[in-house]
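Below: the structure, in structure tokens.
Chains as they are written, first to last, in the working numbering: chain A, 61 to 390; chain B, 61 to 390.
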């Protein structure tokens, strides 16, 4: 038995979350619903304009790793923080969740990455990410034994933003496939897809990536179309398995000619969409690595997403295992 | 018109909040519901045992200052952080709330104070506070013009724990009274009362403090009795005005022979009691400095407390002003 169900690789980020009105986004030229990349100066400027906030460990793949562990799965994580207080918080939280995390923190400069996340009254989150220490991640941080011992190695498309992380991913994918494992990725963000469309398509068609997670906007951006049916056909041809989330419309999973539609889980109140896609991937991959049906994988994904969007912050505060058990899913 | 409604002085702390079971408290010898003072070594040990957490600016008087500003009042704050990331977070949050806060951060060692707060399934919080940079607060940090220009100077009994903060308080109280202002304190914690009972009583009977906030446990501890009636009589004699909170039983306010009973605000779900007393004081002092009746002050206090105990973390994420307006209180 492999030691880990899922190894997740991503930008190691601490989230700084505050509510704001839509006018704040406009005044500060923040693209709503997107991940806006910012430099240190803009980070300082935006923070000076941000209201009172709360902090929580985040990072897309970090949230997924924490979610898998929250279901009771065995998860590992690679990602780079600095030797500062935010880095200490990130390390603490992911390890406290039971995730294997041994990437060495490195120096004080650049500092640990942070994302200022503005949550509008409609619950939508708009992220402003300063990558900080994440720019240091490279192939030297790939723990070969962990990759070899993980059923699935999962990474964020966001990793194409820092300079050398993509080398780490190519190395990890090689090790994974050499050991008969699978490789998964999330397309992360429609603008991220815009920046790296050709490379992402190449990762899929070259077989570097087996499983792709995307939301509807990312999928449509990938194939530069408004036609969801067409985009689903294309992604079914370009990778072995794709899971596409569609907010309140649930998710669609395609594997070759197989297609499963999964309804969204009912929620009481949409509080903050931060982490929705990350937690969908967590639930799905937890089910997938337990050899559950595609439909069950999708249901576990929708359940985890429903939990996280009913709270502030990117990682569920309660036990996903308990919630899934109460829902009769595990 | 004085420039500020309330100046609050306290230990400047960042909270680290996580859920735990009651057995965790027992196994780690944490006194439930109390503020447990810890040193750097125990802070490290407890953090290593703590589950995934979230961070939020806290500190009792800091929460009160933020709450007063949240109602639309004019608040100022004195408290000491270090020049580190947690200090930056503390500074940001209180200023972003509109509170005047100019206490200079100082060096990297000791670091900014933090309190590990464990929230049990019943919603009770048990705090473990490492005072860090708070030990540096002294009379040199008293901004004389701010004290002179504040209707009420409010401080925490917790300030008797660091070595020189009490000198700052005595100096601030002198300036306040010289300028015809009032001085208020909270008894903070039953064990804190146990440590400094004689000094707290002396602050009251000497007229250094005019207004006292306490919860029932602190009041009973102050007078070493189990008789609430008797304790209320005594505190009415020992200070000009006292507000005593009693959780779901609301609050009692006494001023000389005057007594007002205030019912607790109904809540949907008790999530986390962190900040309940601090926010009661915020609502009360906001009303008090707007010359509202004792009963209205009590109602504003109970409202703010009800808001904060229905969320994780010590400062309300929504607008207190809006909530109070919807409740017809302002």
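Each residue gets a CB set at the ideal place from its N, CA and C atoms; glycine is no exception.
Per-residue burial, residue i [other beta carbons within 10 Å of its own, 16 or more giving buried]
i, result
"residue 355 of chain A", "exposed"
"residue 285 of chain A", "exposed"
"residue 205 of chain B", "exposed"
"residue 287 of chain B", "exposed"
"residue 415 of chain B", "Missing from the structure shown is residue 415 of chain B; chain B here goes from 61 to 390 and no further."
"residue 334 of chain A", "buried"
"residue 140 of chain A", "buried"
"residue 146 of chain B", "buried"
"residue 274 of chain B", "buried"
"residue 360 of chain B", "buried"
"residue 61 of chain A", "exposed"
"residue 311 of chain A", "buried"
"residue 105 of chain A", "exposed"
"residue 265 of chain A", "exposed"
"residue 167 of chain B", "exposed"
"residue 388 of chain A", "exposed"
"residue 100 of chain A", "exposed"
"residue 332 of chain B", "buried"
"residue 242 of chain B", "buried"
"residue 290 of chain B", "exposed"
"residue 103 of chain A", "buried"
"residue 144 of chain B", "buried"
"residue 142 of chain B", "buried"
"residue 248 of chain A", "buried"
"residue 244 of chain B", "buried"
"residue 208 of chain B", "buried"
"residue 258 of chain A", "exposed"
Contact set between residue i and chain A, taken where Cβ atoms lie within less than 8 Å
i, result
"residue 393 of chain B", "Lying before the first or after the last residue shown, residue 393 of chain B is absent from chain B, which here runs from 61 to 390."
"residue 126 of chain B", "112"
"residue 352 of chain B", "Near residue 352 of chain B there are no residues of chain A at all, since even the closest Cβ is about 25 Å away, more than 8 Å."
6 Å Cβ shell around residue i - same chain, five flanking residues per side excluded
i, result
"residue 160 of chain A", "136"
"residue 277 of chain B", "250"
"residue 125 of chain B", "68, 135, 137, 159"
"residue 192 of chain B", "170, 171, 172, 173"
"residue 96 of chain B", "90, 188"
"residue 233 of chain A", "243, 268"
Member of the options whose CA lies at the smallest distance from the CA of residue i
i, options, result
"residue 189 of chain B", "B:63, B:252, B:61", "B:252"
"residue 303 of chain B", "B:145, B:337, B:363, B:241", "B:337"
"residue 342 of chain A", "A:79, A:367, A:163, A:145", "A:367"
"residue 372 of chain B", "B:103, B:177, B:102", "B:177"
"residue 122 of chain B", "B:85, B:67, B:96", "B:67"
"residue 201 of chain A", "A:184, A:181, A:227", "A:227"
"residue 157 of chain B", "A:164, A:233, A:112, A:163", "A:112"
"residue 322 of chain B", "B:387, B:358, B:191, B:166", "B:358"
"residue 330 of chain A", "A:307, A:318, A:311", "A:307"
"residue 218 of chain A", "A:254, A:309, A:207", "A:254"
"residue 231 of chain B", "B:98, B:144, B:353, B:199", "B:199"
"residue 110 of chain A", "A:291, A:163, A:258, A:76", "A:76"
"residue 352 of chain A", "A:390, A:339, A:374, A:165", "A:390"
"residue 339 of chain B", "B:381, B:314, B:108, B:320", "B:381"
"residue 78 of chain A", "A:131, A:163, A:164, A:186", "A:186"
"residue 328 of chain A", "A:369, A:305, A:293, A:292", "A:369"
"residue 375 of chain B", "B:63, B:87, B:313, B:154", "B:154"
"residue 305 of chain B", "B:263, B:293, B:262, B:246", "B:246"
Contact list for residue i against chain B, beta-carbon separation under 7 Å
i, result
"residue 145 of chain A", "144, 145, 146"
Proximal residues to residue i (C-beta, below 7 Å), its chain only, five neighbours per side dropped
i, result
"residue 377 of chain A", "371"
"residue 223 of chain A", "195"
"residue 325 of chain A", "362, 363, 366"
"residue 256 of chain B", "217, 220"
Proximal residues of chain A, C-beta to C-beta of residue i below 7 Å
i, result
"residue 149 of chain B", "115"
"residue 153 of chain B", "112, 113"
"residue 373 of chain B", "114"
"residue 79 of chain B", "377"
Same chain, Cβ closer than 8 Å to residue i, neighbours up to 5 away in sequence not counted
i, result
"residue 65 of chain B", "128, 133, 134, 135, 210, 211, 212, 345, 346, 349, 350"
"residue 318 of chain B", "354"
Partner residues on chain B for residue i, Cβ-Cβ distance less than 8 Å
i, result
"residue 107 of chain A", "152"
Using 8 Å as the Cβ pair cut-off and three pairs as the minimum, do the region 148-163 of chain B and the region 114-122 of chain B touch?
-> yes
Q | the region 260-280 of chain B touching the region 297-312 of chain B, judged by at least three CB pairs closer than 8 Å | A | yes
Review point. Can we say the region 68-75 of chain B touches the region 156-173 of chain B, given the rule of at least three CB pairs closer than 8 Å?
Key: Yes, since at least three Cβ pairs between the region 68-75 of chain B and the region 156-173 of chain B fall closer than 8 Å, the two stretches touch.
Three or more C-beta pairs below 8 Å linking the region 234-247 of chain B and the region 79-96 of chain B: no
Count the C-beta pairs between the region 179-193 of chain B and the region 77-84 of chain B that are closer than 8 Å, then say yes if the count reaches three, no if not. In the pairwise beta carbon analysis, the region 179-193 of chain B is classified as touching the region 77-84 of chain B: at least three pairs are separated by under 8 Å.
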